[in-house]
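To start, the structure itself, in structure tokens.
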Amino acid sequence: MQTMIQLRLIPILFILLGILFSNQSAAQIYRPSAGIETRVNVLLAKMTLDEKIGQLSLYTTDWGSTGPTIREGYKNDIRSGACGNLFNAHTTGFVRELQKIAVEETRLKIPLLFGFDVIHGYKTIFPIPLGEAASWDLELIEKSARVAAAEASAAGLNWTYAPMVDIGRDPRWGRVMEGAGEDTYLGSRIAEARVRGTQGKKLGDSDALLACVKHFAGYGAPIAGRDYNTVDMSERYFRDYYLPPYEAAVKAGAATVMTSFNDYDGVPATGNKFLLDNILRKEWGFQGFVVTDYTSINEMVNHGVVADDKEAGELALNAGVDMDMQGAVYQRFLKESLKEGKVTQKQIDEAVRRVLRLKFELGLFEDPYKFCNAEREKNTLLAPANRTAAREVARASIVLLKNDHQLLPLKTGQKIVLIGPLGDNKSELTGNWNGAGNANDCVSLREGLAKVVPTDFMYIAGCDFENPDKSGFAAAMRAAEKYDVVIVAVGEKAMMSGEAAARAELGLPGVQEELVLELCKTGKPVIVVLMNGRPLAIPQIAEKATAILEAWWLGTETGNAIADVLYGTYNPSGKLPMTFPRSVGQVPIFYNEKNTGRPYDPNSKWTSKYIDQQNSPQWPFGFGLSYTSFSYGEPKVELPSSKSAGSAVMTVTVSLTNSGKLPGEEVVQLYVRDLVGSVTRPVKELKGFQKIMLQPGETKELKFTLTEKDLSFYRRDMTFGTEPGDYEIMVGGNSVDLKKVKVKL
Ligand code: NOJ
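Numbering (our numbering), first residue to last: 1064 to 1808.
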């Protein structure tokens, strides 16, 4: 009886608290001294169901379209409390204007979250994520995310939809540009670095953004590389290769997670309880909130697992989705679903709690305008230090794919001609998902070269990207004849990769390839500079060009970074994070394949191969040349005398010598093969890497430590762990040229 009375008193207490505080400002109500949990509960008790649902709704402004627009009038929604979060709104002025509506005109004055796709820079644009991954430099990658967060938070934002950690093994899929490539281990380390960089020292600092790990899960494996297509694979494969980068990002502290558009094992990710509840929340202990991708709740109707939007919303909330991006499903139907008992009040409250907690943690209740300091915005965006960092990352992202006769670095005195549609271009350099980047802030290749080339050089386009017109070829050929060296800059347009940009062909678009091949016929040394968002299949160029640089899209400092490499101010150190195929028929192609029962034998018909193409790629994962050369010693393995949980199961040492004439950096890669397992295992898997600088003639001994976790996989009974037996340990500068040693565990 007594407990009953006490229970009845609780709502009255909250009402009294509500009356007491209703006329005060947000800052007074939510005292920083009170713990976040208490403050969340006090606020929650005051909220109507509509206001709660508003906190679970996220809408885009009309400032840029990152998907189909299905909803307008977002300002009224903010005013009514129906919209608690916005995306595609930035700059301190605009954010302040919208935040003011939320904190001055709504009943509870709950500040808005402001999200945006800050994927590789906000105003100072860094290389596309796939390009950055080619640096294999975790410190630089973290720094890039840090600068992006510092700029974005200075421009009003507090939430970015990054990092994208989807493993991508199929270059037809346009979104491979946004991730870290094909490898689980490299992808996981990069995911952690990007979360650290984005969230800074701690959430609540004025230069920290909430990270959003995406797209959970498996989005990188659509059938045939076609965006949004079905994903289906065994749970074992999924857990071994696709899930670890998401887990790594979550464990690095990522505050939010975005669901993916695809289905997995027949259930769309946005309504997939196995993914969102079992794996993300229960197995990994994720505490932040889950947001859908753009209208992905509504799209579950198209997937055919629910009859209408209302049912879709129920499936999503029951699966574990907290926030509805742009679908307006929660807003339209959640109340009715609650009335019908299809969802519970507890579920709604828990979702709201997760959102509010982060708003408190960001410090928005104390100061809703903390990211709206116009002076800071002015001083931070494109600050010289940011451009310096962008140049540093850009040059480290370039991969030297070919360098016959040591053509590169160029020597002063060689007369050069610059040809190709990307030679004097700025509009494509920021690539896709370029934040608030401006083409005009970019240094074109022509401008970059003009700063370092001692003599006059000529530029001529030769052709366009897609236009079949070849009338510019003749002038390009005439120019090539007159100069010592031809630099030809070709590639894709920025919008040819990224979302909804799958390609069925992987060559250079238009007549660019023909132009390059014609130039090669002049007999002049030809340096091809590629700018693109995915591995390309360019076998003829690979054969005929004298030198090839993979420059991805490098962002604001493109021209300076490429000139640094061409003239040797910077010795290239990038290594491919994705395999480059010889032809599109080879894809998906990736290094960590399984051996099969009939492994490749060029001399035997009945083995796993093509009759019209080699199995090997054009350039393998991990590949990249330097202006110097490196020689590897034999790897040595040591097993510890005693073993304790979490400790090393082996250490591998190898010596590396710079055997060339220039200082240079090498990415030393360690691969492992488990020779006999209870289930089939890949022929090699990356398990460690170190990037080190060596002076000419210098030798260093490198040590790698492998733990139990490094060697663990999902065994036949689906438990995660290792198995005793024979292992092959491989060390080298790419995934093919490796020194091997065997060991028994
Ligand atoms: C759809 C994309 O898939 C996602 O990556 C992005 O964050 C959202 N649109 C918001 O722009």
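Heads up, the beta-carbon is just placed ideally off N, CA and C, and yes, glycines get one too.
| query | result |
| --- | --- |
| Ordered list of alpha helix (DSSP H) runs contained in the stretch 1612-1691, each at least 4 residues | 1621-1629 |
| Backbone CA spacing between GLU1761 and ASP1467 [nearest angstrom] | 25 Å |
| Residue ranges of each beta strand (DSSP E) within the stretch 1221-1275, 3 or longer | none |
| Selection from LEU1769, GLN1477, MET1240, VAL1228 that minimises the alpha carbon distance to LYS1545 | GLN1477 |
| Cβ distance (whole Å) where GLN1389 is taken to contact LEU1149 below 8 Å | Between LEU1149 and GLN1389 the Cβ distance is about 11 Å, and since that is not below 8 Å, they are no contact. |
| Between the CA atoms of LEU1702 and MET1296 - distance to the nearest angstrom | 36 Å |
| Inter-residue Cα distance where the pair is ALA1089 and ALA1271 | The predicted position of ALA1089 is uncertain, since its pLDDT is 38 and thus under 50; no value can be drawn from it. |
| Check: ASP1527 C-beta below 6 Å from any heavy atom of the ligand NOJ | no |
| At least three beta-carbon pairs within less than 8 Å, the stretch 1250-1257 to the stretch 1204-1220 | yes |
| Inter-residue CB distance, GLY1618 and THR1493 (contact presumed, cutoff 8 Å) | 6 Å |
| Residues near VAL1392 by beta carbon distance below 7 Å, same chain, minus five either side | ILE1360, ASN1361, ASP1372, ALA1375, GLY1376 |
| Distance cut-off 6 Å: ARG1130 Cβ against heavy atoms of the ligand NOJ | Residue identity differs from the one stated: residue 1130 is Gly in this sequence, not Arg. Checking every heavy atom of the ligand NOJ against the Cβ of GLY1130, one is found closer than 6 Å. |
| Entirely enclosed beta strand (DSSP E) segments - the stretch 1420-1466, minimum 3 residues | 1462-1466 |
| Identity of the residue in VAL1735, ASN1797, ALA1543 nearest THR1770 by Cα | VAL1735 |
| For ALA1711: DSSP bridge partner residues | THR1770 |
| CB of THR1720 within 7 Å of CB of SER1692, strictly | no |
| C-alpha distance - TYR1093 paired with PHE1428, whole-angstrom precision | For TYR1093, the predicted model reports a pLDDT of 34, less than 50, meaning its position is unreliable; a value from the coordinates is still stated below. So the alpha carbons of these two residues sit roughly 6 Å apart. |
| Residue from GLY1687, ASP1737, GLU1764 with nearest C-alpha to ASP1800 | GLY1687 |
| Reference ASP1246, options GLU1729, GLU1656, GLY1740, closest by Cα | GLU1656 |
| Cβ-Cβ distance between VAL1210 and ASN1449 below 7 Å | yes |
| Cutoff 6 Å; reference ALA1284; Cβ partners in own chain excluding five residues on either side | VAL1294 |
| Residues near ASN1595 by beta carbon distance below 6 Å, same chain, minus five either side | GLY1554, GLU1555 |
| Nearest to GLY1242 (by Cα), restricted to the options PRO1640, CYS1146, ALA1217 | PRO1640 |
| Own chain partners of LEU1161 with C-beta closer than 7 Å, once the 5 adjacent residues on each side are dropped | ILE1141, LEU1149, ALA1152, LEU1175 |
| Exposed unless 16 or more other CB atoms sit within 10 angstroms - verdict on LEU1738 | exposed |
| Bridge-paired residues (DSSP) for PHE1177 | LEU1149 |
| Bounding residues of the beta strand (DSSP E) (the contiguous stretch that carries ASP1737) | 1727-1737 |
| Cβ contact (3+ pairs, closer than 8 Å) linking the stretch 1262-1282 and the stretch 1322-1333 | yes |
| Integer Cβ distance of THR1154 from GLY1219, believed to fall under 8 Å | 6 Å |
| LYS1115 vs ILE1411 beta-carbon contact at 7 Å | yes |
| Where the beta strand (DSSP E) containing MET1321 begins and where it ends | 1319-1322 |
| Three-state secondary structure assigned by DSSP to GLN1477 | coil |
| For PHE1693, the three-state DSSP class (helix, strand or coil) | strand |
| Secondary structure, beta strand (DSSP E): runs of 3+ residues fully inside the stretch 1543-1567 | 1548-1554 |
| At least three beta-carbon pairs within less than 8 Å, the stretch 1622-1630 to the stretch 1574-1583 | no |
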